[in-house]
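Residue numbers (the numbering used here): 2 to 70. Even for Gly, the Cβ is constructed at its ideal location relative to N, Cα and C. The next block holds one structure in the form of structure tokens; read it before the comments.
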Amino acid sequence: MLPFPPSRPGLPMKPEVPMPISLLLEEVKVFNLTHQYHHGRLSPQEYQEFLLGLQVLGLLAGPEIVSNT
């Protein structure tokens, strides 16, 4: 089985170099913690600390507006 379906005419090509697994795992972690926050399983303080950690590591470009709505 191919990692990506074959391109059809008019559709953009899939990247030839897959995303590094470490970056993919970070994206999954960000999604998971954001999901937990939005469902009330993570406190606003814990979520802010997580976002600040991403900024310090250079994985988040700037300040995020955090809303639990």
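Taking C-beta atoms as the reference points, Leu43 and Leu53 fail to come closer than 9 Å. Per the coordinates, the alpha-carbon of Leu55 lies some 22 Å from the alpha-carbon of Pro19. The beta carbon of Gln46 sits closer than 6 Å to no other beta carbon from its chain once the five residues preceding and following it are set aside.
Taking 4 residues as the minimum length, the alpha helix (DSSP H) runs contained wholly in the segment 37-61 are 45-57, in order along the chain.
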